[in-house]
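Remember, this note's numbering sits 14 above the position in the sequence shown when you count from 1. Let me begin by presenting the structure, written as structure tokens, before commenting on it.
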Amino acid sequence: MAPLFQAADLTAERVADADVDLFQPLLERCEDFYQRCYGRPARPDEAKQMPEERPPELGPEHGHLVALRDASGALVGILEGVSDFPSPGEWYLGLMLLAPEVRGHRRGEAVIHAYEDWLRGQGARLLRLGVAEPNPAALRFWTRVGFSEEKWVGPMEQGLLNYRVLRMSKPLA
Numbered sequence: 015m016a017p018l019f020q021a022a023d024l025t026a027e028r029v030a031d032a033d034v035d036l037f038q039p040l041l042e043r044c045e046d047f048y049q050r051c052y053g054r055p056a057r058p059d060e061a062k063q064m065p066e067e068r069p070p071e072l073g074p075e076h077g078h079l080v081a082l083r084d085a086s087g088a089l090v091g092i093l094e095g096v097s098d099f100p101s102p103g104e105w106y107l108g109l110m111l112l113a114p115e116v117r118g119h120r121r122g123e124a125v126i127h128a129y130e131d132w133l134r135g136q137g138a139r140l141l142r143l144g145v146a147e148p149n150p151a152a153l154r155f156w157t158r159v160g161f162s163e164e165k166w167v168g169p170m171e172q173g174l175l176n177y178r179v180l181r182m183s184k185p186l187a
């Protein structure tokens with residue numbers, strides 16, 4: 015399969031919903047994220063839940079799963095989002111997760127900038143995401159790469175935790 019984009023030393027490729035199980039080992043390796051945002055490790059079926067967590071009014075053609083692979087082909091990151099939600103041209107990034115061993119060195123910035131370029135090519139004009147209140151490092155990251163605060167939502171139950179989520183956005187046009 016042809017790569018969607020390159021970002022630093024990582025290659026992005028689309029993953030079909032039917033192949034979502036390939037993400038499970040990475041989700042389990044990212045226990046720090048799950049403990050911070052859910053108060054527990056990744057569930058044994060965490061990857062299988064990803065397509066199920068999309069807004070029910072969106073058809074499967076609006077969901078996208080992206081694997082990030084290093085030069086050796088190892089899976090080291092995930093992007094998960096939906097297109098045209100809540101309106102045409104607006105995309106929502108539900109998850110950007112990098113394996114602990116590849117974090118830092120500005121890879122996250124390279125990934126999000128390359129992803130934004132790819133989204134523009136898909137007709138996206140705005141990208142939204144949510145930042146969990148107990149994840150201040152994520153808030154610093156998303157602010158640094160140009161996202162602006164829209165509003166706090168919640169509190170809501172996330173795994174074993176209750177907290178607010180900050181909705182952020184970035185124009186792409």
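Every residue, glycine too, gets a C-beta built ideally from N, C-alpha and C.
Minimum length 4: unbroken alpha helix (DSSP H) runs contained in the stretch 116–154: 121–135
Beta-carbon separation (whole angstroms), residue 111 vs residue 91, contact threshold 8 Å: Taking the first residue of the sequence shown as position 1, residue 111 is located at position 97. Taking the first residue of the sequence shown as position 1, residue 91 is located at position 77. That pair is a contact at about 6 Å.
Sequence ranges, beta strand (DSSP E) only - wholly within the stretch 43–97, length at least 3: 77–83 and 89–96
Coil, strand or helix - residue 34 by DSSP: The residue you call residue 34 lines up with position 20 of the sequence shown. Helix, per DSSP.
Candidates 157, 31 and 88: closest to residue 73 by CA position: For the purposes of this step, residue 73 is taken as residue 59 along the sequence shown, with counting starting at 1. For the residues 157, 31 and 88, the minimum Cα distance to residue 73 belongs to 31.
Supposed close pair residue 26, residue 124 - CB separation, criterion 8 Å: The residue given as residue 26 occupies position 12 in the sequence shown. The residue given as residue 124 occupies position 110 in the sequence shown. 11 Å between Cβ atoms; not a contact.
Residue 33 versus 65, 177, 147 and 44, residue with shortest Cα-Cα distance: Here residue 33 refers to the residue found at position 19 of the sequence shown. Ranking the options by Cα distance to residue 33, first place goes to 65.
Residue span of the beta strand (DSSP E) that contains residue 162, given as start and end: Position 148 of the sequence shown, counted from the first residue, corresponds to residue 162. From DSSP, the beta strand (DSSP E) with residue 162 extends over 162–172.
Same chain, Cβ closer than 7 Å to residue 130, neighbours up to 5 away in sequence not counted: Here residue 130 refers to the residue found at position 116 when the sequence shown is read from its first residue. The answer, listed in chain order, is 141 and 186.
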